[in-house]
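The working numbering numbers the first residue of the sequence shown as 1 and each following residue consecutively.
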Amino acid sequence: YCNLDVHRNKINHIFSKARSEGESSDAAISGLKNFLSDELSIKLDAHILVDGEDFRNLVEAIGGVDIELTEDISLYNGENAVLTLKKGLNHLGPEEAMLFVRHRSGYLRGDIDRLEMQSVFIRGLFGTLMNKTDLSAMLRVASVLKTCETDISLKTLISIFSNRKSFVGAAPEGVILPGEAKKGKNGI
Numbered sequence: 001y002c003n004l005d006v007h008r009n010k011i012n013h014i015f016s017k018a019r020s021e022g023e024s025s026d027a028a029i030s031g032l033k034n035f036l037s038d039e040l041s042i043k044l045d046a047h048i049l050v051d052g053e054d055f056r057n058l059v060e061a062i063g064g065v066d067i068e069l070t071e072d073i074s075l076y077n078g079e080n081a082v083l084t085l086k087k088g089l090n091h092l093g094p095e096e097a098m099l100f101v102r103h104r105s106g107y108l109r110g111d112i113d114r115l116e117m118q119s120v121f122i123r124g125l126f127g128t129l130m131n132k133t134d135l136s137a138m139l140r141v142a143s144v145l146k147t148c149e150t151d152i153s154l155k156t157l158i159s160i161f162s163n164r165k166s167f168v169g170a171a172p173e174g175v176i177l178p179g180e181a182k183k184g185k186n187g188i
C-alpha cells in the first residue's frame, strides 16, 4: 500500500487500472516503472509479466522451488486446508507454489503477511535458479519466457545464467511502504 499518487491504494493498482482503461501491457508497465523511479527512486532494468499458466510452467521448468519457513502454515482453498507446510525447508511443485503465493486467508496481518510469504517464495525461486548448474534448466526457463511478456532478451538471460556465481549471497528484497489497508471494490 502507498499514500502516493495512487489513490491510497496498492502499487499494483497502477498496472491493473491502466489495463482496465484499455492501455497496452507495455504502457501499463511503463507507467509502473515511471512511478517506481520518480516516486521511490527504484530503477527497474527489466520486467517479466507472467500469468498463472506461465507461473506454473516456470516452476515446472526448474523442477520446483525450495522455500524456508519459520513456522508451520496451512493453506486453504475455501474452508478446507488443502496443504500444510512445515517449519523449515519445503519443496513446492507448480500447484503448491501457486497455492502458496495466492493464499489469502488466515494471516494475522492480512496482505502484509501475504506479501512476506510471497517474498519468501521469490527468495526461494531466486535461490533455486542460481543453484541450477544444467544448461537444460535454463533452456526450459527461456522456453517459458517466450510465452511471457518481458523485455529480457535471451542474450541477457544467458549472461545472467553464465554469471550466476557472482550473485552468491545476494537475494531479492521486498519493501512494504507505509500506508493503511482499505478495501474497496473487489477487495482492492
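In this text, a Cβ means the ideal position worked out from N, Cα and C, and glycines have one as well.
Residue pairing from DSSP places ASP66 in a beta bridge opposite HIS91. Annotated three-state conformation of VAL82 is strand, per DSSP. Looking from the CA of VAL101, the closest CA among SER162, THR147, ILE67, THR133 belongs to ILE67. In this structure, DSSP gives THR156 a helical state, which the three-state scheme calls helix. In the DSSP assignment, the residues bridged to THR150 are ILE48. Remark: three or more beta-carbon pairs, one from each stretch, lie closer than 8 Å, so the stretch 53 to 67 and the stretch 115 to 130 are flagged as touching.
Spatial neighbours of GLY31 in its own chain (CB-CB distance under 8 Å, excluding positions within 5 residues in sequence) are listed in chain order as ILE14, PHE15, ALA18, GLU23.
Following the DSSP letters along the chain, one finds LEU36 inside the alpha helix (DSSP H) bounded by residues 25 to 40. LEU75 is bridged by DSSP to LEU83. In its chain, beyond the 5 residues on either side, ALA142 have a beta carbon closer than 7 Å to the beta carbon of LEU154.
Inter-segment contact for the stretch 79 to 94 and the stretch 42 to 49 is absent: fewer than three beta-carbon pairs are separated by less than 8 Å.
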